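*Asks:*
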């Protein structure tokens with residue numbers, strides 16, 4: 015949905031409450047601003063930034079480079095993405111989700127939170143629909159048509 019209305023803040027506050035008793039990972043969006051409150055910092059290195067520098071995600075060392083521990087042990091990672099209007103944010107989300115799965119980032123977790131763009135309609139959430147998520151509990155969105163369309167497709 016529309017930027018600046020509190021979707022990421024709502025997500026992070028919910029995660030902070032859950033983190034008191036659960037093991038959680040938060041996967042951020044192309045803007046790389048989804049883990050700020052958890053990490054008490056402005057930005058962290060993104061998976062797609064490193065992949066672009068190195069030419070592949072296979073050269074990334076998950077825990078040493080992109081997976082940081084935040085508030086109450088919440089694992090934080092930012093997917094990153096292309097500049098607006100250049101490339102496909104959905105493709106970046108798919109690349110990130112698959113990389114994290116292959117690297118075992120989801121093992122021993124109770125919740126995974128994806129804080130991603132609400133207007134990605136090109137299939138970025140296909141992995142979630144295709145079995146990567148067992149259950150979907152909360153979708154934070156706004157009332158714009160494209161945001162509702164994206165939420166409905168999850």
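In the working numbering, the protein residues as written are 15 to 168.
Glycine included, each C-beta is placed from N, C-alpha and C at the ideal position.
Since we're looking at a predicted model, the values are computed, not measured.
Identify every residue that forms a DSSP beta bridge with residue 61.
*Replies:* None; residue 61 has no bridge partner.
*Asks:* Can you tell which of 77, 47 and 34 has the C-alpha that lies nearest to the C-alpha of residue 118?
*Replies:* Of the listed residues, the one whose Cα sits closest to residue 118 is 77.
*Asks:* With DSSP as the reference, label residue 127 as helix, strand or coil.
*Replies:* Here residue 127 sits in strand by DSSP.
*Asks:* Opposite residue 192 in the DSSP bridges: which residues?
*Replies:* Residue coverage of the chain in this structure runs from 15 to 168, which leaves residue 192 outside it and unanswerable.
*Asks:* If we ignore side chains and look at the alpha-carbon of each, how far apart do residue 129 and residue 43 end up?
*Replies:* Straight-line Cα distance between these residues: approximately 6 Å.
*Asks:* What span of residues does the alpha helix (DSSP H) with residue 113 cover, start to end?
*Replies:* Where residue 113 is concerned, the enclosing alpha helix (DSSP H) stretches over 103-116.
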